[in-house]
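Protein chains in written order, with the UniProt record's numbering: chain E, 1 to 345; chain P, 1 to 345.
Here's the structure, in structure tokens; my notes come after.
Protein chains: 2
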Amino acid sequence: MRPKKRTTIYDIAAKLNITASSVSRALNNSNHVNEDTKKLILKTAAELNYKRNVLASNLRKGENKTIGVVVPRINQNFFSNVISGIEETTYSKNFNLIICQSNESHEKEIKCVNALINQHVDCIIISVAAEGTDYTHLQNVIDHNIQLIQFDRVVDELETLKVINDNELATLEGITHLIEQGYKRIALLEGPQNLNIFRQRKAGYLKALRKHKMPVIDELIVENAWTKELGAEGTRKLLSLPEPPDAIFASTSDFSALGVLEVATSMGFKVPDELGILGYANEPFTELTSPSISTIDQFTNYMGKTIANLYFQESENKDSVVVPRTISVKPKLIVRASTSRTQQV
Amino acid sequence: MRPKKRTTIYDIAAKLNITASSVSRALNNSNHVNEDTKKLILKTAAELNYKRNVLASNLRKGENKTIGVVVPRINQNFFSNVISGIEETTYSKNFNLIICQSNESHEKEIKCVNALINQHVDCIIISVAAEGTDYTHLQNVIDHNIQLIQFDRVVDELETLKVINDNELATLEGITHLIEQGYKRIALLEGPQNLNIFRQRKAGYLKALRKHKMPVIDELIVENAWTKELGAEGTRKLLSLPEPPDAIFASTSDFSALGVLEVATSMGFKVPDELGILGYANEPFTELTSPSISTIDQFTNYMGKTIANLYFQESENKDSVVVPRTISVKPKLIVRASTSRTQQV
DNA sequence: CTGAAAGCGCTTACAG
DNA sequence: CTGAAAGCGCTTACAG
């Protein structure tokens, strides 16, 4: 299984009685080489099935043309779509993409990041795991002069390029929509507050209530209702209250919203009449449930492309310093049956 | 933005007045180096924030510890789950994973594969795009002594390691289940027949009918019903026949099955009583529709791990020749409401 | 236009 | 245990 020796530029040079320098120049399409010999070299290279050793080339040139991506989970819709967008862009620039998943483990995240630093990638794109609080591994990326781009779940304190959703604004719109539909007691299923995205969504919720002069009712705010199961559990509690909510915003995800829907249905609450449900992320299944679930779309593929383009813009700008900045993508409220009181389905 | 020079083993050596050889040995935890100097070197390396240049190391050692993956789409459940499984295994072996998507384009697939060959990856794992018929680019992988592993959509003629689902057997079981439920006119929505997986599923369908002495009715076989839209279109035609089918096997995917369900519902056919629906792939949404859709689960994460392990088994086996072989994973029929005639939902 | 030479950062036989 | 040297495969100033 160990490879036989591959064809190198020396093999080509030897065969043609010229030097490796010329071969290299021809292969790089330099114009400091005779047109005819260039053709001959290219022809011979093809015959010998030559493939440039990118490792050697990169080592010599001090470049790598590789971007590393670290996400909590590859197989989550949001992330796989963002990665797909990143890939489309990096591919068009002839860059490689190395992918790691942290599995929401802070420890694995650190290992992934260090592996990417060792690999001398040009850029690391990351959405952090839910766990951590210490981010020296990310500071380390910066210290190695590797471009760091955070997206979605970003560490606010780190001054890097960031691409995020405007979670607060999207939530504000979502809750406002609920209020306009006549919902009066709106509950919040919140996510781990160490992640900025969940803090922002909570902020949007509170802001919307304040704006419409509605009281914030503590018993309607459920901590850490992150998964379908936890969403279901939280919903059971909420709907068992003496005064249950008439709407639930599952700020963590559509999976959580699905848990809400299942419990509500099984407890005999009519959605959307007796209970409105708003999710987050526009997972494909949200339009398939009955009733379909209102949610918030995050333009994932577009985010991916934006992230990758951000890197290429910066890197073309070699001399100047990178100014830390944040690109905020405005998500879109998708109104479906689960919150459409006026127009029953 | 161009990196300042990074710390190398020479920097460490200079600082300690020793040679790079010793530094390298210490860093590689060789025992041909004094314990105390080793400690000193490690300490200094940490202080100088040293990270090994993996490119240089790999070039020298003639290894790369990188596996390339080429799939039609990263953001499809099946593939992202397989990739996730691959990643878990490669990560545990300290291998990098480079990911490309062909977007179902044969041309892009060729470019991806060539890029990976240039990159001198140790192994290429591929599920081919729907388009192509010519596979010299894959032969090329083999010619470069790169381990090639095909999965799911494999090119039969190429003698490589293969990890597949037993599509025929799974389909046989699925259709048998339909027959046992009393369905008599079972239609097939088939996929592009240049892909082995769709040929196998068709074969399973035909086999099941023959086994139960049921006639094969040409007008019940719809070509190329690959997407939700095409599935819907095919279903419209089928259900408009003078003698419409009483069950439809959407062999291409659950998305196609979803198209069937929507059209059937809108045309007033009762599922599962008047029309049974069987999908393929166990997409998460299949348990959320009403009625829920019966389908076939492919153990995707497990497949991913199996693929990666196959590579590592082979590579540990350096001397012996790789024997082309196929690992067939038996998928599982998931019976849900859309085919459960006896037990209505 | 072409060659000889140095060097990217590392590893590893070869001496001692 | 440690050093000097060669080499992985390529690129690129420097001469000519």
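The beta carbon of each residue, even a glycine, is placed where N, CA and C say it ideally should be.
Exposed or buried, what is residue i when buried is set at 16 or more other beta-carbons lying within 10 Å of its beta-carbon?
i                      : result
P:L241                 : exposed
P:K39                  : exposed
E:D254                 : buried
E:D152                 : buried
E:G182                 : exposed
E:E87                  : buried
E:S21                  : exposed
P:Q313                 : exposed
E:G159                 : At residue 159 of chain E the sequence reads Glu, which differs from the Gly that was named. E:E159 comes out exposed.
residue 400 of chain P : Outside the shown range of chain P, which is 1 to 345, sits residue 400 of chain P, and nothing can be said about it.
E:D246                 : buried
E:R325                 : exposed
E:A46                  : exposed
P:H212                 : exposed
P:K184                 : exposed
P:K93                  : exposed
P:N96                  : buried
P:K228                 : buried
P:E243                 : exposed
E:N75                  : buried
What does residue i pair with, by DSSP beta-bridge criteria?
i      : result
E:K162 : E:Q150, E:T326
E:G231 : Its beta-bridge partners do not exist; DSSP assigns none.
P:N100 : Looking at the sequence itself, residue 100 of chain P is Cys, so the reference to Asn does not match. P:C100 is bridged to P:V70.
E:I221 : E:L188
P:D297 : P:K332
P:L310 : Per DSSP, none; premise fails for P:L310.
E:L278 : E:F249, E:S294
P:I126 : P:V70, P:Q150
Using C-beta distances below 7 Å, list every residue in its chain close to residue i, excluding the 5 sequence neighbours before and after it, in chain order.
i      : result
E:R25  : H32, V33
P:F269 : L239, L275
E:T44  : I12, K15, L16
E:L48  : T7, D11, I12
E:R199 : Q193
Which residues in the same chain have their Cβ closer than 6 Å to the Cβ of residue i, if we skip the five residues on either side of it in sequence?
i      : result
P:A264 : V271, L275
P:V82  : T300, M303, G304
P:T171 : R201, G204, Y205
P:A250 : L189, G231, S256, A257, V260, G279
E:A208 : L172, I175, T176
P:L288 : none
P:K330 : D166
E:I142 : L148
E:E283 : N77, D254
E:Q344 : Note that E:Q344 scores 42 on pLDDT, short of 50, meaning its location in the model is unreliable; the coordinates nonetheless yield the value given after this. Within the same chain, E:Q344 has no close Cβ partners at all.
P:L116 : G68, I124
Does the Cβ of residue i lie closer than 8 Å to at least one heavy atom of the ligand SAM?
i      : result
E:R210 : Judged by which ligands are present, the structure shown has none, so any question about the ligand SAM falls away.
If you drop the 5 nearest sequence neighbours on each side, which residues of the same chain put their C-beta closer than 8 Å to that of residue i?
i      : result
P:S315 : D122, C123, Q147
E:Q119 : N64, T66, G68, I98
P:E157 : Y135
E:I149 : C123, I124, I125, I126, T160, L161, K162, V163, I307, L310, Y311
P:L42  : A26, L27
**Asked** Taking Cβ-Cβ distances below 8 Å as the criterion, which residues of the stretch 143-155 of chain E are in contact with chain P?
**Response** D143, H144, N145, I146, Q147
**Message:** I'd like to know if the stretch 123-141 of chain E and the stretch 70-81 of chain E are in contact, where contact means that at least 3 CB-CB pairs between them fall below 8 Å.
**Reply:** yes
**Asked** Between the stretch 190-210 of chain P and the stretch 219-227 of chain P, do at least 3 Cβ pairs fall closer than 8 Å?
**Response** yes
**Cβ pair count under 8 Å reaching 3, the stretch 96-112 of chain P against the stretch 166-183 of chain P** = no
**Request:** Name, going along the chain, the residues of the stretch 112-138 of chain E whose beta-carbon falls closer than 8 Å to a beta-carbon of chain P.
**Result:** C112, N114, A115, I117, N118, Q119, H120
**Asked** When you check each C-beta in the stretch 271-288 of chain P against every C-beta of chain E, which residues fall closer than 7 Å?
**Response** P284, F285, L288
**Chain-ordered residues of the stretch 88-101 of chain E with a beta carbon less than 9 Å from chain P** = E88, Y91, N94, N96, L97, I98, I99, C100, Q101
**Prompt:** Do the stretch 208-216 of chain E and the stretch 138-157 of chain E touch if we need at least three Cβ pairs shorter than 8 Å?
**Reply:** no
**Item:** Residues of the stretch 47-63 of chain E whose Cβ lies closer than 7 Å to any Cβ of chain P, in chain order
**Value:** N49, K51, R52, N53, V54, L55, A56, N58, L59
**Prompt:** Got a sec: which bits of the stretch 326-344 of chain E sit with their beta carbon under 7 Å from any beta carbon on chain P, in order along the chain?
**Reply:** none
**Request:** Compile a chain-ordered list of the residues in the stretch 19-50 of chain E whose CB is closer than 7 Å to at least one CB of chain P.
**Result:** N49
**Request:** Report the residues of the stretch 5-19 of chain P with a CB closer than 8 Å to any CB of chain E, ordered along the chain.
**Result:** R6
**Asked** Listed from N- to C-terminal order along the chain, which residues in the stretch 156-172 of chain P have their beta-carbon within a distance smaller than 9 Å of any beta-carbon of chain E?
**Response** none
**Asked** Residues in the stretch 292-307 of chain P with C-beta within 7 Å of chain E's C-beta atoms, listed in sequence order?
**Response** none
**Request:** Select from the stretch 253-271 of chain E all residues with a C-beta closer than 8 Å to any C-beta belonging to chain P, and list them in chain order.
**Result:** L258
**Item:** Contact residues within the stretch 189-212 of chain E, judged by C-beta distance below 7 Å to chain P
**Value:** none
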